[in-house]
């Protein structure tokens, strides 16, 4: 047996542990008495248009075509429409930033990441991630034999620290993963950060005589509030690979549909793409689920009702600030990253539990002393939880 | 970049090469003049019950639940119903051969195989496959750092040769993959073969002081004709891991839904299962597509209309035999494995092309001198192709 895989199967993530505790606790004292902010599972339903698109496809398409193998990289017409959408929506220059022949349809963003990382990495390579980061980046990277190098963001703003990233780059650096809007901080990296980061990567690539690829993990692209702008990175950096998913924007996390888009401006773009296809083949993906592939072009640009998340954010943010909590500016995703009221985030979460508040300590995100609050819950839970947050803060006075 | 992944992305399979040739040739001389027997893509549509089950789910289930993350191993109630079905349908003993807590829902059989192999294997291990075999077994096995050991079946019957398997087993042997009904031969291994093979594996496991796991790859389980019986291997061998898929039985190859079922009788069953879960996590699967997970229990035991394949088989078999071709007894799947009329299968396929017959040479299946004929085509194509098969045979007289 493979002991590493056994270890991964045995170790539940902290988030899952809390989720299981929530189930037990709710059975004890009632659903509405437990304030579970642990899991990033969209609470807003998929829009009616998802149901309509799927039933249309089921009723009007030849089942042999609808449910048959697509080509391994995805149906050609689907890829064409996605590329058109990317060009129309995000391209701010004149040269293309996508191509139907460089899009690879995947089972969600996780598969997009594992295929991209498996394509790029060799034993001993290094992958820089901006901490705090989504913990599965470590699992996906280490499986390839490469090493994960977390580089801490600014402790106040949770924006990238270019000086620290510069110091971390060396001849082993193969890729940098950028996730904005960010899980777990909810921070959207502004254009000046993207410009500074990509300038650095261009300079370093030149110095090292090899491309450092930027993997843009973008499942939260559409989840932004108050008019925040999410720069589309291929406009700023040629060696970009975008990993995308409908999980969060259309509330379809269980369906596993997304894509990898290699920029046509990237060095060796065609070979990077073929290596992604090869990785997909070796990992056993065959093709992304065909029904959801065919659905995707029918819904490009649509989202579930994200005003619900925005309202949750606003209620929670202003209350927590009033109670004395400190948080980075949360313009996107559905997370708040709040400074714990004592140095040890785990101890803080244990105390929060006494107030029936279930928060995730920041340690597994690669940074200490914070908690993640996933506010993709009901507005009712948010409102009912406020006295508990207030009491928790007061317990530290 | 990872050169192995690039290599896998660049090398199209022989089958895909022929498929691409078919498209070009059809455009030149007309669809009905080209007899393409290359691809194992089900030609019989999914039954109406698939559409009904999916539209029912879409119209009657809360979308947050229907499209949300299931637990990583799959929805608990889905796993329960699958286990019940396995017990009721296949168990011929008194002790269970499946458990809801040992079923892991996957994106089809390919994912079931990569998760199982990644769970079991370490660098330097060996995996025995019975040749001829599905070529992707090599890709899936070698990615883990293990070695594929093909063991040739009997050249006439294409049934396992126990003496050869016995000679191939050594202390490095971690697993044996068994695929019955078989791709590419269409042979169903009779109970006496399963008994002989599993006795050998029990004896060798004992001698070696460690379990040799049997991976039963069963996407063609239901595709059998003339009353052929497919023994359910967990009844015969404790250390069995079943990999299953709806791709072929319900004509849903693009949708990617299946499972791994670890036998509760297996040594370290719980740890094998956890390692499978860990592998799924590391490879980026997250969960199998939730809509198709929920569909599966609604359709257990159903198939698309396989009498169509049986008719194709009967027409083709009796005609080819009459023309002097030799084939192993094809009781299942939708393949015939026919002895080439000259030693070099590739040369034979090139000559067949002159008669517009597109056949797959056996070399990539790990055995020389045969061709695979996928008869999951229209009956019309079968009937129209017969004069060409006759003329091809006569060209060797």
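Protein chains in written order, with this note's numbering: chain A, 295 to 691; chain B, 295 to 691. C-beta atoms are modelled at their ideal positions from N, C-alpha and C, and glycine is treated no differently.
{"Query": "Give me the chain A residues within the contact set of residue 335(B), using Cβ-Cβ distance strictly less than 7 Å, ordered along the chain.", "Result": "362 and 363"}
{"Query": "Are the C-beta atoms of residue 518(B) and some chain A residue less than 8 Å apart?", "Result": "no"}
{"Query": "What are the complete alpha helix (DSSP H) segments, minimum 4 residues, inside the stretch 542-587 of chain A?", "Result": "563-577"}
{"Query": "Report the neighbours of residue 546(B) on chain A: residues whose CB is nearer than 8 Å to its CB, in chain order.", "Result": "361"}
{"Query": "Using a Cβ-Cβ cut-off of 8 Å (strictly less than) and excluding sequence neighbours within five positions of residue 355(A), which residues of its own chain qualify?", "Result": "588"}
{"Query": "Taking Cβ-Cβ distances below 7 Å as the criterion, which residues of the stretch 388-409 of chain A are in contact with chain B?", "Result": "401, 402, 404, 405, 407 and 408"}
{"Query": "Taking residue 580(A) as the query, report the chain B residues whose CB atoms sit under 7 Å from its CB, ordered along the chain.", "Result": "402, 404 and 550"}
{"Query": "Going along the stretch 605-620 of chain B in order, which residues come within less than 8 Å of chain A, judged by CB to CB distance?", "Result": "none"}
{"Query": "In three-state DSSP terms, what is residue 333(B)?", "Result": "coil"}
{"Query": "Alpha carbon to alpha carbon, how far is residue 488(B) from residue 451(B)?", "Result": "15 Å"}
{"Query": "Strictly under 8 Å for the Cβ-Cβ distance: is residue 291(B) near chain A by that measure?", "Result": "Here chain B has residues from 295 to 691 only, and residue 291(B) is not among them."}
{"Query": "For the stretch 416-430 of chain B and the stretch 564-576 of chain B, state whether three or more C-beta atom pairs, one from each stretch, are separated by less than 8 Å.", "Result": "no"}
{"Query": "Please classify residue 497(A): is it buried, with 16 or more other beta-carbons within 10 angstroms of its beta-carbon, or exposed?", "Result": "exposed"}
{"Query": "May I have the straight-line CA-CA distance separating residue 596(B) from residue 516(B), to the nearest angstrom?", "Result": "9 Å"}
{"Query": "Considering just the uninterrupted stretch of the alpha helix (DSSP H) at residue 408(A), what are its terminal residues?", "Result": "402-414"}
{"Query": "Taking 8 Å as the threshold (beta carbon to beta carbon), is residue 584(B) in contact with chain A?", "Result": "yes"}
{"Query": "List the endpoints of the continuous beta strand (DSSP E) containing residue 514(A).", "Result": "Neither: residue 514(A) is in no beta strand (DSSP E) and is coded neither H nor E."}
{"Query": "Using CA coordinates, which residue listed in 413(B), 397(B), 456(B) and 328(B) is at the minimum distance from residue 438(B)?", "Result": "413(B)"}
{"Query": "Please list, in chain order, the chain A residues whose beta carbon lies closer than 7 Å to that of residue 573(B).", "Result": "299"}
{"Query": "With a cut-off of 8 Å on the beta carbons, I'd call residue 620(A) and residue 640(A) a contact; round off their distance for me.", "Result": "Actually they are not in contact, since the Cβ atoms of residue 620(A) and residue 640(A) sit about 19 Å apart, beyond 8 Å."}
{"Query": "Leaving aside the five residues before and after residue 714(B) along the sequence, list all residues of the same chain whose C-beta is less than 6 Å from its C-beta, in chain order.", "Result": "Here chain B has residues from 295 to 691 only, and residue 714(B) is not among them."}
{"Query": "Do residue 541(A) and residue 402(A) have their CB atoms nearer than 8 Å?", "Result": "yes"}
{"Query": "DSSP puts residue 626(B) in a beta bridge; with which residues?", "Result": "518(B)"}
{"Query": "Counting beta carbon pairs with one atom in the stretch 644-659 of chain B and one in the stretch 326-336 of chain B, are three or more of them shorter than 8 Å?", "Result": "yes"}
{"Query": "In chain order, what residues of the stretch 430-441 of chain A put their CB closer than 7 Å to some CB of chain B?", "Result": "433, 434 and 437"}
{"Query": "Between the alpha carbons of residue 322(B) and residue 313(B), how many angstroms are there, rounded?", "Result": "15 Å"}
{"Query": "What is the rounded straight-line gap between the Cα of residue 482(A) and the Cα of residue 625(A)?", "Result": "6 Å"}
{"Query": "Identify which residue in 431(A), 555(A) and 552(A) has its Cα closest to the Cα of residue 659(A).", "Result": "431(A)"}
{"Query": "Please specify which runs of the alpha helix (DSSP H), each continuous and at least 4 residues long, are wholly inside the stretch 603-655 of chain A, giving them in chain order.", "Result": "639-648"}
{"Query": "Kindly give me the distance between the Cβ atoms of residue 628(B) and residue 670(B), rounded to whole angstroms, as I take these residues to be in contact under 8 Å.", "Result": "4 Å"}
{"Query": "Any idea what DSSP makes of residue 691(A), helix, strand or coil?", "Result": "coil"}
{"Query": "With a threshold of 16 other CB atoms inside 10 Å of the CB of residue 606(A), please say whether the residue is buried or exposed.", "Result": "buried"}
{"Query": "Please tell me whether residue 339(A) has its Cβ less than 8 Å away from any Cβ of chain B.", "Result": "yes"}
{"Query": "Leaving out five residues before and five after residue 614(B) in sequence, what residues of the same chain have Cβ atoms less than 8 Å from its Cβ?", "Result": "621, 630, 632 and 683"}
{"Query": "With DSSP as the reference, identify every bridge partner of residue 539(A), one or two as the case may be.", "Result": "552(A)"}
{"Query": "Rounded to whole angstroms, what is the Cα-Cα separation between residue 550(A) and residue 579(A)?", "Result": "11 Å"}
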